[in-house]
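Counting in full-length UniProt numbering, the sequence shown runs from 1 upward without gaps.
Ideal Cβ positions, reconstructed from N, Cα and C, are used throughout, including at glycine.
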Amino acid sequence: FDCSHLQGGSNRAACVVFVDGEQRPRMSRTFELPDTGGDDYASMEGAVRQRFSGSAVLPSLIVIDGGAGQLAAALRGLEAAGVANDVPVCALAKRKEEVFVPGRRDPLDVDPDGPAGLLLREVRDAAHAHALRAHRKARSTRYGEPR
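Here it is as structure tokens:
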């Protein structure tokens, strides 16, 4: 999951799906979210809640683009959807490629260039790119094509 907005407006979130290490673009989803005034945590919580409310199909792992704050927001969304204890979740922060998991204050020691680190980064980057495309499309519709 990743979220993208322009000062809280044209707020979009994206969820991408990977199966056996390969992205499945047709399974990706975009969520139009209410304007949050730039509150990234509210956007993440809303996107996760929207994706998993009433959903029978749960992934093996949820990867959040962000750090401990985005992870906490995603956990609130999972709680609101009633699936907080049904699926593992982690967050990957860009700055140092740190992996955060629930119940642990410090990031996990994951080699960013090892197989797990590379896969997490690929998933995170795909979600980021999908969210950015959705946001740009919404922004161009709302404000006209940028010059």
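Return the CA-CA distance between residue 87 and residue 81, expressed in angstroms with no decimal places. Mapped onto the sequence shown, residue 87 falls at position 87. Mapped onto the sequence shown, residue 81 falls at position 81. So the alpha carbons of these two residues sit roughly 12 Å apart.
Hey, how far is the Cα of residue 99 from the Cα of residue 54? Within the sequence shown, residue 99 is the residue found at index 99, counting from 1. Within the sequence shown, residue 54 is the residue found at index 54, counting from 1. Whole-angstrom Cα-Cα distance: 28 Å.
Do the segment 44-58 and the segment 19-27 meet, that is, are 3 or more Cβ pairs less than 8 Å apart? By the C-beta criterion, the segment 44-58 is judged not to be in contact with the segment 19-27, since fewer than 3 inter-stretch pairs fall below 8 Å.
Chain-order list of residues whose beta-carbon lies under 6 Å from that of residue 73 (same chain, five-residue window excluded): As a working note, residue 73 is residue 73 in the sequence shown. Counting only Cβ-Cβ distances below 6 Å, and skipping sequence neighbours, we find 41, 44 and 45.
Cutoff 7 Å; reference residue 131; Cβ partners in own chain excluding five residues on either side: Taking the first residue of the sequence shown as 1, we reach residue 131 at position 131. Excluding residues within five positions, the ones whose Cβ falls inside 7 Å are 2, 3, 4, 12, 13 and 14.
Cβ-based burial, residue 38 [other Cβ within 10 Å; buried from 16]: Taking the sequence shown and counting its residues from 1, the one referred to as residue 38 is at position 38. Exposed, since its Cβ has fewer than 16 Cβ neighbours within 10 Å.
Supposed contact pair residue 101 and residue 92 - C-beta distance, whole angstroms, cut 8 Å: Walking along the sequence shown from the start, residue 92 turns up at place 92. Walking along the sequence shown from the start, residue 101 turns up at place 101. No, residue 92 and residue 101 are not in contact; Cβ-Cβ is about 11 Å, not under 8 Å.
Please report how far the alpha carbon of residue 133 lies from the alpha carbon of residue 103, in whole angstroms. Start at 1 with the first residue of the sequence shown, and residue 133 comes out as number 133. Start at 1 with the first residue of the sequence shown, and residue 103 comes out as number 103. About 33 Å.
Going by the CB atoms, is the gap between residue 83 and residue 58 shorter than 8 Å? For this step, residue 58 is matched to residue 58 along the sequence shown. For this step, residue 83 is matched to residue 83 along the sequence shown. Closer than 8 Å, so yes.
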